[in-house]
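Start counting the sequence shown at 67; every next residue gets the next number (the numbering used here). We put the CB at the ideal spot given by N, CA and C, even for glycine.
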Amino acid sequence: QSGKQLRVRGAGMPVLQGRGRGDMVVEIAVETPTKLTKEQKAILEQFRETETGEECPESRGFFDRLKDAFGA
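See below:
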């Protein structure tokens with residue numbers, strides 16, 4: 067997900083000699099920590115145990131998403 071760009075229409079700079087605003091492009095930068103304390107690791111493990119798979123639909127396979135789209 068890091069490096070992904072999102073466009074927010076109409077939230078950018080004002081258009082010169084015109085009306086309205088341009089688009090704002092936001093780039094996502096995710097940093098992954100490399101050194102964690104035992105407490106931090108335990109908290110992340112607890113978080114992982116609560117995941118259902120619905121939080122990150124892009125990480126699911128093509129056929130799983132296709133089934134969801136058609137209600138199968």
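Residue pairing of ARG73 in beta bridges, as defined by DSSP: VAL91. Taking C-beta separations shorter than 6 angstroms and ignoring five residues to either side along the sequence, the partners of GLU93 in its chain run GLN71, following chain order. Remark: C-beta atoms of GLY86 and GLY76 approach each other more closely than 8 angstroms. Of all alpha-carbon atoms in GLU97, GLY78 and MET79, the one lying nearest the alpha-carbon of SER68 is that of GLU97. By DSSP's assignment, PRO80 forms a beta bridge with ARG87.
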